[in-house]
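In UniProt numbering, the protein residues as written are 1 to 150. Glycine is no exception: its CB is placed at the ideal position from the N, C-alpha and C atoms.
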């Protein structure tokens with residue numbers, strides 16, 4: 001990563017799924033049903049190195065991914081999805097991706113897309129474009145994730 005990439009969104013919570021397990025905030029890879037003997041257990045997956053000591057590791061019902069474990073959703077509280085938004089063309093646009101020091105921003109507004117020919121897309125799928133983040137105001141918002149847990 002370049003120094004510029006490391007400073008994009010400095011001070012904002014990282015994008016993605018997060019929850020608290022054993023009093024520690026951990027990045028989550030996803031939510032699913034797991035379990036054995038036909039008894040499903042709502043679970044979350046995370047990297048082994050991110051798991052706090054003492055979590056209950058569930059067996060996988062499908063192919064395993066090296067370095068990834070599944071734990072009961074009930075062991076994770078405050079599960080949220082963090083999303084970034086960028087102020088572009090007088091609208092808060094969703095930051096869909098970050099690559100090579102640029103932000104891929106997206107909108108569903110045809111009025112916003114009409115302001116600049118750099119927007120690509122259509123009314124069915126929305127519009128997006130790559131922008132330089134220099135001077136662009138960013139914000140992070142979280143939304144609770146559905147499922148068990150406290």
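Neighbour-count burial assignment, residue i, 16 or more Cβ in a 10 Å radius
{"i": "residue 75", "result": "buried"}
{"i": "residue 9", "result": "buried"}
{"i": "residue 142", "result": "exposed"}
{"i": "residue 54", "result": "exposed"}
{"i": "residue 33", "result": "exposed"}
{"i": "residue 16", "result": "exposed"}
{"i": "residue 37", "result": "exposed"}
{"i": "residue 48", "result": "exposed"}
Three-state class that DSSP yields for residue i in the structure shown
{"i": "residue 142", "result": "strand"}
{"i": "residue 134", "result": "coil"}
{"i": "residue 113", "result": "helix"}
{"i": "residue 96", "result": "strand"}
{"i": "residue 101", "result": "coil"}
{"i": "residue 150", "result": "Residue placement at residue 150 is poorly supported in this model, since its pLDDT is 47, which falls under 50; the coordinates are not used for a value here."}
{"i": "residue 108", "result": "coil"}
{"i": "residue 87", "result": "strand"}
{"i": "residue 129", "result": "strand"}
Sequence-distant residues of its chain with Cβ nearer than 7 Å to residue i (five each side left out)
{"i": "residue 56", "result": "71, 72, 75"}
{"i": "residue 126", "result": "106, 107, 108"}
{"i": "residue 134", "result": "none"}
{"i": "residue 67", "result": "47, 48"}
{"i": "residue 116", "result": "89"}
Neighbourhood of residue i by C-beta, 8 Å cutoff - its chain only, sequence neighbours within 5 removed
{"i": "residue 12", "result": "84, 138, 139, 140"}
{"i": "residue 24", "result": "52"}
{"i": "residue 120", "result": "127, 128, 129"}
Proximal residues to residue i (C-beta, below 6 Å), its chain only, five neighbours per side dropped
{"i": "residue 130", "result": "102, 104"}
For this session: Would you list, in sequence order, the uninterrupted beta strand (DSSP E) runs of no fewer than 3 residues that lie entirely inside the stretch 1–82?
Result: 16–21, 24–28, 30–36, 39–47, 68–72
Exercise. Do three or more CB pairs link the stretch 110–118 to the stretch 89–101 at distances below 8 Å?
Worked result: Yes: the two stretches touch, three or more of their Cβ pairs being nearer than 8 Å.
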